[in-house]
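Accompanying notes for the structure given below.
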């Protein structure tokens, strides 16, 4: 009967319907259950009949074949019932006794006994895998949690994995050194069964945590699985085989394990036509190592250290493997046709292990002769060892993520030397891969997941809305030492050049938490000053590129654009507002000097392109929920920064270049004098940010019916109008004269005239931008100073409109008094808002801020070549030597844009083209 069933399954290639047909016969199913029950109870160490041993091996082999159904579909009810009956017949308990008995006689086992143990190992492996798969594909109303708990308790109470692991280690330790023949049959099957089952515990725990959350049975199942996973023999077996694989792959340390044991524990391998000359791991060694490091180690300092060191080696092996596979698939053509026949399809499910091959077909990683392993010099001569194609990406992602999680836990408890060194090494690995180009060939969502998993630990140690500590937290310091800052900049530059490249997806994940928290602010505060300034400059270049290259509504992928503008917006608002979304100067003071310098530089670099983007968006008349909203993401940050900048401009001498600017220009030398004079904050607000037309567009846009007062936008807009009018009255009146005709044609009944607008703003009702009926409160929590400032501004603008826009009337004695009233009201507003004045006081002059990093002198430069703005080679102008350029194109463009005249003034003799 057994032979007939085996032949039938072989002819049908183990199809699901064939398995169901065999077990659908009640008599056959009962006979098989009795045969397997007898087989697992046979005394493996006794002196029973050899014929009975062959029968028992055949029974277990046929039963194992019946479990190998297609994992993409549910098994037939007959197969599921057969598996559950085997479990309830104490099959695992009987197998446990067999493994324990064999371990006591490990040195005298005969060949038939070893073959029996091989069949028992595969029965154990497939029985657990089949029941686990039955739980996974259980219908929604099925008792998944109950079935999982039953399986977990059977594994824990039987100790079958512990005894199987002990037998495996004893058998491998008993092998003679320098074995030149094929491994015994049990050592072909036992490692696969032990390692695959050990890895299954991770799958079970994830299922209990994610899919069965809230069920009492799920938590009990997790507790039982943790007990099994932390068993000393099972854990040691996974570690020994994992270390043997790593030593074979990288020639690294063996941590004192005997060479002959590591040689016996080498993984099963195969060759692959895609990578000639390399060997591919064929069993679950890497998965089991990942599982033991993730959940099987003791939660102690030593346990974390061992797990981290092994995971770092596994990550390096995975990264090397994924690069080789990506290169091989690229050479042979990507897609399904390039995948090896035995590689799993991209279904997220793991295929079952293959049954033991005949001894003459077993492959071995070292060829016919099994060399001693443990010495790096001997291992370095072996062929390249790769992780399997279907496992490489997941192992790489999980090893990096788990390593960073364990390091974050270790650094939080004790920021000692080993954790800091290991963390920096991990980030150096990530940074090195970004320099090579992320040719990993993995999915976009996996790239994003990896980036998010890495950056989440960084953002988690920072309290949103609270002051940054004077020194970086240990986790942050480790990441900075490993090169996270230049890594982020490099990813952004590659994403700006090719928005669909893998670097863009990794950047999206890495900076995901930077769009809603202080992550980027901390990078600027704690990073090396030149690298931090380079990141600011790169973000500025990206914004300039977006504003110049995309004048129309979005027609290209906006993922990178959304990311960059959202990150910039988050930084600008994060330094202004505290946890209660009120203006806060928490970052101003001792220990934050670098952040003050970087924010000054960021304001100079980011606000002008943000203004252009916002004006493009408002001019296009796009709806707030359109696909092009990335252009207006920076509008709130722009509006919120105008009052502090107006305060800074007034403090510098009524719009003239202030003493601080003059001192900065003098300190920088004669070459920077012109730049320092022209770079005062007033001129910056007027010329570069174009605050007057920006506010006009914003006030007109705010009258739309579909615009919400998100984050108090109207109040901030009103304050910005008051600040700009106080600091730049002539420009406000000039803008009003230019739009006088439009204002005269607009309906004027019940409106407040405003020269910034070019048309009226309702005084009451609807959504007032500069409303007199309900003036906004001061940002510092004061009284009605903002309302007084608005009233003064309204009086001045009304007087100007009544005079017909005549400049003489606008400059009369009454107008001067009204101007003084505006300044006095704004002064009271500043006095009631110490946070705003404190922020304004620490801003460096634009010339001094831009001197933090010398960049291309062409203002519209968007060159993203190279890895960092700090490393970009600049060539000085041959005539004046005051300007420097990154490329010939920028030099020519700047010459035509006005440098011709400046060069003639700065250099002696006639200027040359």
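Numbering (our numbering), first residue to last: 495 to 1407.
Idealized CB from N, CA, C, for every residue including glycine.
Residue i vs residue j beta-carbon contact at 9 Å
i, j, result
"residue 1337", "residue 1094", "yes"
"residue 1018", "residue 1026", "yes"
"residue 1103", "residue 1040", "yes"
"residue 1289", "residue 1322", "no"
"residue 936", "residue 894", "no"
"residue 897", "residue 816", "no"
"residue 586", "residue 697", "no"
"residue 549", "residue 533", "yes"
"residue 553", "residue 619", "no"
"residue 1016", "residue 966", "yes"
"residue 1108", "residue 1053", "no"
"residue 1001", "residue 923", "no"
"residue 934", "residue 976", "no"
"residue 647", "residue 715", "yes"
"residue 1391", "residue 1353", "yes"
"residue 529", "residue 611", "no"
"residue 656", "residue 732", "no"
"residue 1351", "residue 1378", "yes"
"residue 1313", "residue 1187", "no"
"residue 494", "residue 764", "Because residue 494 is not part of the residues shown, which for the chain are 495 to 1407, the question remains open."
Among the options, the one whose alpha carbon lies nearest that of residue i
i, options, result
"residue 782", "1001, 765, 761, 767", "761"
"residue 812", "793, 791, 779", "779"
"residue 725", "701, 1001, 688", "688"
"residue 613", "556, 698, 929, 925", "556"
"residue 972", "985, 909, 1352", "909"
"residue 794", "741, 1210, 825, 901", "901"
"residue 525", "1389, 605, 580", "580"
"residue 907", "969, 947, 957, 749", "969"
"residue 1360", "749, 1029, 963, 617", "1029"
Close Cβ partners of residue i (< 7 Å) along its chain, the five nearest in sequence each way excluded
i, result
"residue 1214", "1133, 1136, 1137, 1189"
"residue 695", "719, 722, 723, 785"
"residue 953", "1007, 1011, 1013"
"residue 1024", "1347, 1364"
"residue 881", "775, 780, 811, 812, 815, 889"
"residue 755", "666, 667, 734"
"residue 985", "928, 997, 1000, 1001, 1004"
"residue 787", "801, 804, 805, 896"
"residue 941", "996, 999, 1000, 1003"
"residue 603", "596"
"residue 1368", "1348, 1350, 1378, 1379, 1380"
Spatial neighbours of residue i in its chain, beta-carbon cut-off 6 Å, leaving aside the 5 residues before and after
i, result
"residue 904", "798, 913"
"residue 1173", "Legend: pLDDT at residue 1173 = 43, less than 50; position of this residue unreliable, no value from coordinates given."
"residue 1140", "1217, 1218, 1221"
"residue 1356", "1035, 1038, 1039"
"residue 1098", "1340, 1343, 1344"
"residue 1399", "none"
"residue 1286", "1315, 1316, 1319"
"residue 1106", "1041"
"residue 1210", "1133, 1134"
Residue span of the alpha helix (DSSP H) that contains residue i, given as start and end
i, result
"residue 1076", "Segment: none, residue 1076 is in no alpha helix (DSSP H) and carries neither H nor E."
"residue 650", "638 to 652"
"residue 1106", "1087 to 1113"
"residue 535", "Residue 535 -> no alpha helix (DSSP H), and no H or E assigned at all."
"residue 1009", "Residue 1009 -> no alpha helix (DSSP H), and no H or E assigned at all."
"residue 764", "First-last for residue 764: 763 to 765, but that is the beta strand (DSSP E), not the alpha helix (DSSP H)."
"residue 949", "938 to 954"
"residue 1362", "First-last for residue 1362: undefined, no H or E at that position."
"residue 1210", "1207 to 1221"
"residue 1131", "1129 to 1145"
First and last residue of the uninterrupted beta strand (DSSP E) at residue i
i, result
"residue 600", "Element bounds for residue 600: n/a, residue is neither H nor E."
"residue 879", "878 to 880"
"residue 773", "772 to 775"
Neighbourhood of residue i by C-beta, 8 Å cutoff - its chain only, sequence neighbours within 5 removed
i, result
"residue 1045", "Low per-residue confidence applies at residue 1045: pLDDT is 43, beneath 50, and the placement is therefore not dependable, though the value from the model is reported in the following sentence. Only 1110 meet the Cβ criterion."
"residue 730", "659, 663"
"residue 1067", "1130, 1131, 1134"
"residue 1181", "none"
- Query: Which ranges would you report for the beta strand (DSSP E) in the segment 686 to 772 if only whole runs of at least 3 residues count?
  - Reply: Listed in chain order, the complete beta strand (DSSP E) runs (minimum 3 residues) inside the segment 686 to 772 are 763 to 765.
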